[in-house]
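*Asks:* Count the sequence shown with the numbering used here and you get residues 41 to 143, in order.
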Amino acid sequence: MRILVIEPLKPPYSKDICGSLEEMKAIVGGYIQAIYPFDDPIALVCNEEGKIIGLPQNRLLFDREGCAYDIICGTFFLAGLGEEDFISLTDDELERYSQYFTA
């Protein structure tokens, strides 16, 4: 499964993973939480306790009007949404969201 990893203060990069829970937990550094801030069928997967345990601030999330409404703390990744599980991002999604989180 190809995902887009976004670490604090670093440019996004794609990574191939098998998709096990343990592997996803290792990427975010703890229990995973999936949120769905985009219109596309994409999950943003982050550390469930990132803010509570003081992980470094990473990226802001913006609403459709361009107003920041939340900040993700710690490393997170994006994955596509399948019927029952996460799936690979398409090449177009990798490019689009890599640019989105670089700007």
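Built from N, CA and C at the ideal position, the CB exists for glycine as well.
(1) Excluding the five sequence neighbours on either side, which residues of its own chain have a C-beta within less than 7 angstroms of the C-beta of Leu44, listed in chain order?
(2) Phe69 to Asn98, Cα distance in whole Å?
(3) Helix, strand or coil for Leu95? Go by DSSP, reduced to three states.
(4) In three-state terms, what does DSSP make of Ile57?
(5) Pull the bridge partners of Cys86 from the DSSP assignment, please.
(6) Please classify Gly114 as buried or exposed, where buried requires at least 16 other C-beta atoms within 10 Å of its C-beta.
*Replies:* Here's the rundown:
(1) Counting only Cβ-Cβ distances below 7 angstroms, and skipping sequence neighbours, we find Pro52, Ser54, Phe117, Leu118, Leu129, Leu134, Tyr137, Ser138.
(2) Before going on, a small fix: residue 69 reads as Gly here, not Phe. Cα to Cα, Gly69 sits roughly 14 angstroms from Asn98.
(3) In the structure shown, Leu95 adopts coil according to DSSP, grouped into three states.
(4) Residue state, collapsed to three classes: coil.
(5) Gln73, per the DSSP bridge assignment.
(6) With at least 16 other beta carbons inside 10 angstroms of its own, Gly114 counts as buried.
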